[in-house]
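Peer 1: Before anything else, here's the structure in question.
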Amino acid sequence: MEQSQTAIALDQVSLQRQRFQLGPVSLAIPQGYVTAIVGPNGSGKSTLFRMMLDLVKPERGTIRLLDHQVGTAGDTSLKQRIGYLAEGPTVGEDNMTGAFKTAFVRRWYSGWDDRHYRDLLAMFEVDDSLKLGKMSKGMRRKYDFALALAHRPELLLLDEPSSGLDPLAWRTMLEVLHRYMEDGDRTILMASHVVEEVRRLADYIVFMAGGEVLGMYEKDELLGRWQILFVQGTGLTSGGAAGMPGLCELAPAGQAWRVVTREAYDAERWCAENDIDITHRQPMGLDDILAELMKQKKTGGRMNTGSGGIV
Ligand SMILES: Nc1ncnc2c1ncn2[C@@H]1O[C@H](COP(=O)(O)OP(=O)(O)OP(=O)(O)O)[C@@H](O)[C@H]1O
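Using my numbering, the first residue of the sequence shown is number 127, and each one after it goes up by one.
Here you go:
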């Protein structure tokens, strides 16, 4: 990771629920970049966001946002610097119009920019004179989105931002977020299930599962390192191929072997040194990489031979 300031620092943060253990999680989210948290349902992404907003208290550990420890004096001024889009709409607001809620919310923010708010509504084609309960799911999402951005926050926390958006609104959202990041100091932390959105927006990716962080990676490096290679060599056996650096999966594929490696550069060098031909290279998608990481977590990092066996 390049040298940059840390926008969010989690240090040994943990929380115990009856059926769920989160953490201990330690993370440093860099300022000036987009970081996406990716993980299956129930992995603890929303809980992590709520802890950052001090809506849920961790049992152990500390959270610092923009150099301020969450849950201590000064949280009100900290919240001025943050935009938060929750996973779903706030309950109990169906009978108020968007404009009514906005008039209430804007009073909290000294940096509120009404022109920016109006521009966002226009871009998203949202009519804030409608009652929130009468807005379609997508329109309400877009309204919430405009509300989270209108005070020009330094840090945006977005919990599944594109949930309910149609493809056109989704593209507008990407454009708005790209523009938001044009001022180099700004930071986005987002949770997302949409692989394409993560691929287009994120600089860094945090994989989470079962309340644990499986790893944080620079996106381009991650996609470069994880590859599927089809390899062939005289007398190559599964035992021989098992020496390949970063090997995660190995399965016969006709005359060749299909291997999944997390160290593609080293694996290619190793193949060249061992007279093994790479007949085909296939990049891996983020969802496939997450699936591999989760498999490794279950098997304690041991390699899957594809026949159900583990070496
Ligand atoms: N208030 C609560 N009380 C008890 N358990 C909770 C509470 N909120 C969440 N959980 C549990 O915590 C776990 C993590 O939930 P969370 O919503 O943080 O996951 P998530 O990764 O955001 O999931 P999704 O992708 O479905 O939004 C789940 O097992 C959930 O049932």
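Even glycine gets a Cβ: it sits at the ideal position worked out from N, Cα and C.
All values reported here derive from a predicted model rather than from experimental measurement.
Examine ligand 1 and report whether any of its heavy atoms sits within less than 7 Å of the Cβ of residue 171.
Peer 2: yes
Peer 1: On a Cα-Cα basis, can you pick out the residue from 230, 325, 375 and 246 that is closest to residue 393?
Peer 2: 375
Peer 1: Given residue 153, which residues of its chain have a CB within under 6 Å of its CB, disregarding the five upstream and five downstream residues?
Peer 2: 136
Peer 1: By a C-beta neighbour count over all protein chains shown, 10 Å radius and 16 as the cutoff for buried, is residue 351 buried or exposed?
Peer 2: The residue is buried, with at least 16 neighbouring Cβ atoms inside 10 Å.
Peer 1: Have a look at 305, 390, 342 and 297 and flag the residue whose alpha-carbon is nearest the alpha-carbon of residue 320.
Peer 2: 297
Peer 1: Should residue 301 be flagged as near chain C, meaning a C-beta pair shorter than 8 Å?
Peer 2: Within the model displayed, chain C is absent; a lone protein chain is all it includes.
Peer 1: Assuming residue 171 contacts residue 328 under a Cβ cut-off of 8 Å, what Cβ separation, rounded to an integer in Å, is found between them?
Peer 2: Residue 171 to residue 328, Cβ: 14 Å. No contact.
Peer 1: Taking the alpha helix (DSSP H) that residue 200 belongs to, which residues open and close that run?
Peer 2: Element bounds for residue 200: n/a, residue is neither H nor E.
Peer 1: Taking only the alpha-carbon atoms, compute the straight-line gap between residue 204 and residue 177 and give it to the nearest angstrom.
Peer 2: 14 Å
Peer 1: Answer yes or no: the CB of residue 356 versus the heavy atoms of ligand 1, is any distance below 7 Å?
Peer 2: no
Peer 1: Curious, which full-length alpha helix (DSSP H) runs of at least 4 residues does the region 349 to 395 contain?
Peer 2: The region 349 to 395 contains these whole alpha helix (DSSP H) runs: 364 to 367.
Peer 1: Excluding the five sequence neighbours on either side, which residues of its own chain have a C-beta within less than 6 Å of the C-beta of residue 190, listed in chain order?
Peer 2: The residues are 135.
Peer 1: May I ask you to report which of helix, strand or coil DSSP gives residue 147?
Peer 2: strand
Peer 1: Please state if the CB of residue 340 and the CB of residue 419 are separated by a distance shorter than 8 Å.
Peer 2: Cβ distance < 8 Å, so residue 419 and residue 340 count as in contact.
Peer 1: Could you tell me the alpha carbon to alpha carbon distance between residue 165 and residue 286, rounded to whole angstroms?
Peer 2: 11 Å
Peer 1: Do you know how far the Cα of residue 147 is from the Cα of residue 402?
Peer 2: Roughly 45 Å between the two C-alpha positions.
Peer 1: Per the DSSP calculation, residue 333 is bridged to which residue(s)?
Peer 2: According to DSSP, residue 333 bridges with 164 and 341.
Peer 1: Check the C-beta distance from residue 156 over to residue 330 and give it rounded, since I have them as a contact under 8 Å.
Peer 2: 7 Å
Peer 1: Residue 214 to residue 368, Cα distance in whole Å?
Peer 2: 46 Å
Peer 1: Determine the contact status of residue 313 and residue 162, defining contact as a CB-CB distance below 8 Å.
Peer 2: For the 8 Å CB-CB criterion, residue 313 and residue 162 do not form a contact.
Peer 1: Could you tell me whether any non-hydrogen atom of ligand 1 is closer than 7 Å to the CB of residue 145?
Peer 2: yes
Peer 1: With distance defined between alpha-carbon atoms, name the residue in 384, 260 and 276 nearest to residue 242.
Peer 2: 276
Peer 1: First and last residue of the alpha helix (DSSP H) that includes residue 404?
Peer 2: Note, residue 404: premise wrong, no alpha helix (DSSP H); beta strand (DSSP E) at 403 to 409.
Peer 1: Please classify residue 254 as buried or exposed, where buried requires at least 16 neighbouring CB atoms within 10 angstroms.
Peer 2: buried
Peer 1: Quick one, which of 206, 399, 184 and 405 has its alpha-carbon nearest residue 274's?
Peer 2: 206
Peer 1: State yes or no: is the C-beta of residue 317 nearer than 7 Å to some heavy atom of ligand 1?
Peer 2: It does: the Cβ of residue 317 is within 7 Å (strictly closer) of some heavy atom of ligand 1.
Peer 1: DSSP three-state call for residue 139: helix, strand or coil?
Peer 2: strand
Peer 1: CB-CB under 7 Å to residue 337, same chain, minus the five flanking residues each way: which ones, in chain order?
Peer 2: 146, 147, 148, 149, 169 and 170
Peer 1: Bridge partners of residue 313, per DSSP?
Peer 2: 281
Peer 1: Hey, residue 151 and residue 160 are a contact pair by Cβ (cut 8 Å); roughly how many whole angstroms apart?
Peer 2: Actually they do not touch by this definition, with Cβ atoms about 19 Å apart.
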